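Protein chains in written order, with UniProt numbering: chain A, 1 to 261; chain B, 1 to 514.
For each residue, glycine too, the CB sits at the ideal point set by N, CA and C.
Predicted model only: the values in this text are computed from it and were never measured.
Everything below concerns the one structure shown next.
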Amino acid sequence: MPQNEYIERWQKQHGKRLDHDERTRKRQARESHKQSHDAQNLRGLRAKLYQQKRHKEKIQMKKRIKEQEEKNVKSSAPDEPSKTPLPQYLLDRSQATNAKALSSAIKDKRNEKAAKFAVPLPKVKGISEEEMFKVVNTGKKTHKKSWKRMITKPTFVGNDFTRRPVKYERFIRPMGLRYKKANVTHPELGVTVQLPILSVKKNPQNPLYTQLGVLTKGTIVEVNVSELGLVTTSGKVVWGKWAQITNVPENDGCVNAVLLV
Amino acid sequence: MATVLPPPSKRQKVAQAEKAREQQEIQSIPSGLGSVRVQFFDQATGDATGPAVSVPVVDANIKNLETLLNTLQGNDDDDRVPYRFTYQSDKEGQTIDILADLYHSLLQPGIKTTEDTVSLYYTPQAVFRVKAVSRCAASIAGHGEAILATSFSPVSSSTMVSGSGDSTARVWDCDTGTPLHTLKGHTSWVLAVAYSPNGAMIATGSMDNSVRLWDAKKGQALGGPMKGHTKWITSLAWEPYHVQETGRPRLASASKDSTVRVWDVVSKRIDTVLTGHKGSVTCVRWGGTGQIYTASHDKTIKIWNPKDGTLIQTLTAHAHRVNHLALSTDFALRTAYHDHTGKVPESDSEKVTAARKRFEQAATVNNKIVERLVSASDDFTMYLWDPSSSNKPVARLLGHQKEVNHVTFSPDMAYIASAGFDNHVKLWNGRDGKFITTLRGHVGAVYQCCFSADSRMLVSSSKDTTLKVWDVRTGKLAMDLPGHRDEVFAVDWSPDGQKVGSGGKDKAIRIWRN
Numbered sequence: 001m002p003q004n005e006y007i008e009r010w011q012k013q014h015g016k017r018l019d020h021d022e023r024t025r026k027r028q029a030r031e032s033h034k035q036s037h038d039a040q041n042l043r044g045l046r047a048k049l050y051q052q053k054r055h056k057e058k059i060q061m062k063k064r065i066k067e068q069e070e071k072n073v074k075s076s077a078p079d080e081p082s083k084t085p086l087p088q089y090l091l092d093r094s095q096a097t098n099a100k101a102l103s104s105a106i107k108d109k110r111n112e113k114a115a116k117f118a119v120p121l122p123k124v125k126g127i128s129e130e131e132m133f134k135v136v137n138t139g140k141k142t143h144k145k146s147w148k149r150m151i152t153k154p155t156f157v158g159n160d161f162t163r164r165p166v167k168y169e170r171f172i173r174p175m176g177l178r179y180k181k182a183n184v185t186h187p188e189l190g191v192t193v194q195l196p197i198l199s200v201k202k203n204p205q206n207p208l209y210t211q212l213g214v215l216t217k218g219t220i221v222e223v224n225v226s227e228l229g230l231v232t233t234s235g236k237v238v239w240g241k242w243a244q245i246t247n248v249p250e251n252d253g254c255v256n257a258v259l260l261v
Numbered sequence: 001m002a003t004v005l006p007p008p009s010k011r012q013k014v015a016q017a018e019k020a021r022e023q024q025e026i027q028s029i030p031s032g033l034g035s036v037r038v039q040f041f042d043q044a045t046g047d048a049t050g051p052a053v054s055v056p057v058v059d060a061n062i063k064n065l066e067t068l069l070n071t072l073q074g075n076d077d078d079d080r081v082p083y084r085f086t087y088q089s090d091k092e093g094q095t096i097d098i099l100a101d102l103y104h105s106l107l108q109p110g111i112k113t114t115e116d117t118v119s120l121y122y123t124p125q126a127v128f129r130v131k132a133v134s135r136c137a138a139s140i141a142g143h144g145e146a147i148l149a150t151s152f153s154p155v156s157s158s159t160m161v162s163g164s165g166d167s168t169a170r171v172w173d174c175d176t177g178t179p180l181h182t183l184k185g186h187t188s189w190v191l192a193v194a195y196s197p198n199g200a201m202i203a204t205g206s207m208d209n210s211v212r213l214w215d216a217k218k219g220q221a222l223g224g225p226m227k228g229h230t231k232w233i234t235s236l237a238w239e240p241y242h243v244q245e246t247g248r249p250r251l252a253s254a255s256k257d258s259t260v261r262v263w264d265v266v267s268k269r270i271d272t273v274l275t276g277h278k279g280s281v282t283c284v285r286w287g288g289t290g291q292i293y294t295a296s297h298d299k300t301i302k303i304w305n306p307k308d309g310t311l312i313q314t315l316t317a318h319a320h321r322v323n324h325l326a327l328s329t330d331f332a333l334r335t336a337y338h339d340h341t342g343k344v345p346e347s348d349s350e351k352v353t354a355a356r357k358r359f360e361q362a363a364t365v366n367n368k369i370v371e372r373l374v375s376a377s378d379d380f381t382m383y384l385w386d387p388s389s390s391n392k393p394v395a396r397l398l399g400h401q402k403e404v405n406h407v408t409f410s411p412d413m414a415y416i417a418s419a420g421f422d423n424h425v426k427l428w429n430g431r432d433g434k435f436i437t438t439l440r441g442h443v444g445a446v447y448q449c450c451f452s453a454d455s456r457m458l459v460s461s462s463k464d465t466t467l468k469v470w471d472v473r474t475g476k477l478a479m480d481l482p483g484h485r486d487e488v489f490a491v492d493w494s495p496d497g498q499k500v501g502s503g504g505k506d507k508a509i510r511i512w513r514n
């Protein structure tokens, strides 16, 4: 017998307390009261730990409720297998419609000309040059004139980039802050795909930052959507599409963007 | 003072070099090769035509060979027939099309020498020529939902019917690009449309489990819905004109409920019910010999006798659901007595005779009536069948890398074209099922394809929103037809070759012409 199962052992030897069932029932009944009390009164680290635990429990609870609901649904055969009309040969096929829906959604949107210039994040907070650049002053000459800058924000650097000689390199883009991929969300479908960044189209802060490929919140980047299988009206595969960065990449360690459609 | 011309720029030089290179490639046949002996064989019967003839190599091009063959057959100057020549080697069984002349096709690659007798198989080609469609003549809005099926009238290219997701079918005047009639009555999507072989009636099958009949001229319903199926209709097939009892045409409808029902069109009653399939019936075809061919999700193809509803044969070879069937005589059956001359026989008996003659002409191989069948399946393959001689397939057509959705025979039975979800259209030899070529160009799944009436062109519709017209002989893209704004579900080339009609998810019918 394992060491710690002394309660079970005791119960086997002597039986349960006479009021055991009632006690457990009462404890269960008061459970919610206790939880409420804890949630309201715990302070500091204990409160934090308690909330974390509770958060996880709630997630599990919701999942289980959802499962239950799905199980209880009485399914009657749907009269039409899908909402959109499909030809006979496409019925009864499970389709990967995501990319397709993407494509048509994009086309619909194109028709509204006004949508062309609208972006999800129209305004962003300005970033000062002091915040963006750190003055590099290693070496006597560099120190004297202080002309060298290190970019403190994440950047996108193209594949074919080679650094210039130290003597001429005015802007340093640190290796650790370079990004090649972005998590791009399609706004209507809510699907997120990780796509390679092709270029930085526009940094709203400063044209110089566009040139340097700085990735800040609100920056428009071009991403490679070829794997989504979108097609143009003339039947060519769409390759690059624009997306706007929605997070602050330096805080999150990743680039999240939303596709402009 | 004369100005000196500046030296040509690099671009000009490159262009010049390019031009020079291209011009050099104009093929000339070297003289002094002597002559080659040519023996002609009829492709259909395999019999030799005339004696072996000695032809100078320099002159052995297609045009001269055609003239020679016409003379050998004693054709007059006015009814000369164009031919296609193929060379079949005895050992490997490979087939080579003679594209321009004998020298470049056979002698230069070293397949034959001038010492040998070259045996050429000839097939008559259509005496008329269909021009490749090249422009969009009309884009007609009208349907409120995606267009799911289109079909031209067998009579002419001026009317077309389309079935749509807005639960109507519409008849279009393709000459003026205007709607003629709206066929209202169904309560759900119209999945299948079919013109009767004489062009007088239209049958539509719908998601609401019913089949309806319409007068093609007036656009009025002929009676109410024909009910009986318990699931939606997937495919419709009219009884071929020459098999029909006079005044009592019949119609077969395949349904998801795994039955096929044969309807008496006049009394609107069920004639027979063909039950036996264990899965959704995807395609039904009514052959010219009076048999009904059905393909189903249960991996089998069944052949039925519609007289008493008995099963004649079950063809099993596919490893996954069978998507589509095509008969070698499809075109002749669809158009019945309407031929390319546009002359319609006057009396009914003449019409039947004409239809029968056209069918027999199309189906006769080696003096036997042979109706070949090709089936496309989800197992990425197709099978070519000759059901009258064997229940084993003639050939297995391998090559597609995804599901094969649509398959079609060319009107002259020489080619099979298959459209797959792997973005390719593939061409196969209609006789032995040998692979000919892949037509690459689509960037999305190809949904349907259709041959022109003279079998020289093929049009394919795709998920990538374009139609593409292919030259069957060279396997090259003849014309790219962008214009649809969303995927193209249905395409049809009119039986007289004038127009192509297409419809898809963008709700607009497009008529294309040359």
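Please report the straight-line C-alpha distance between residue i and residue j, rounded to a whole angstrom.
i      : j      : result
B:Y121 : B:F40  : 6 Å
B:S35  : B:V57  : 5 Å
B:I292 : B:V262 : 10 Å
B:R510 : B:T465 : 12 Å
A:K113 : A:V261 : With a pLDDT of only 48 at A:K113, under 50, the local geometry of the prediction cannot be trusted, and the value read off the model is given with reservation. Their backbone Cα atoms lie some 11 Å apart in a straight line.
B:A414 : A:E227 : 38 Å
B:V273 : B:H400 : 35 Å
B:P411 : B:V265 : 27 Å
B:L477 : B:S460 : 11 Å
B:H338 : A:T192 : 55 Å
B:S296 : B:Q125 : 34 Å
A:A77  : B:K231 : Reliability fails at A:A77, whose pLDDT of 49 lies under 50, so the model's placement of it is uncertain and the value that follows must be treated cautiously. Approximately 11 Å between the Cα atoms of the pair.
B:I29  : B:Y103 : 7 Å
Using 7 Å as the limit for Cβ to Cβ distance, is residue i near chain D?
i      : result
A:V258 : Among the protein chains in the structure shown, which are A and B, there is no chain D.
May I ask which residues mark the beginning and end of the beta strand (DSSP E) holding residue i?
i      : result
A:H14  : No beta strand (DSSP E) holds A:H14; the alpha helix (DSSP H) holding it covers 6 to 14.
B:H324 : 322 to 327
A:D252 : Run containing A:D252: none in the beta strand (DSSP E); it sits in the alpha helix (DSSP H), 249 to 252.
A:Y209 : Careful: A:Y209 lies outside any beta strand (DSSP E), inside the alpha helix (DSSP H) at 207 to 212.
B:G501 : 499 to 504
Using a Cβ cut-off of 7 Å (strictly closer), state whether residue i contacts chain B.
i      : result
A:S226 : no
A:G213 : no
A:Q52  : no
A:G235 : yes
A:P2   : no
Check residue i in the structure and name its three-state DSSP category.
i      : result
B:Q313 : strand
B:Y122 : strand
B:P8   : coil
B:R334 : helix
B:L213 : strand
A:D21  : helix
B:K227 : coil
B:H181 : strand
A:E57  : helix
Among the options, which residue has its Cα nearest to the Cα of residue i?
i      : options                        : result
B:K268 : B:H181, B:G228, B:A100         : B:G228
B:T316 : B:W428, B:R396, B:G503, B:V118 : B:R396
A:N159 : A:M175, A:D252, A:Q88          : A:M175
A:T185 : A:E130, A:I245, A:R25          : A:I245
B:G223 : B:S151, B:A203, B:Y241         : B:A203
B:G288 : B:A52, B:W304, B:Q73           : B:W304
Locate the alpha helix (DSSP H) running through residue i, then write down its first and last residues.
i      : result
B:V352 : 348 to 363
B:Q448 : B:Q448 -> not in any alpha helix (DSSP H); beta strand (DSSP E) instead, spanning 446 to 451.
A:K144 : 140 to 145
B:K63  : 62 to 72
A:E131 : 129 to 132
Quick one: does residue i have its CB under 7 Å from some CB of chain A?
i      : result
B:W189 : yes
B:A146 : yes
B:F489 : yes
B:T465 : yes
B:G165 : yes
B:V443 : yes
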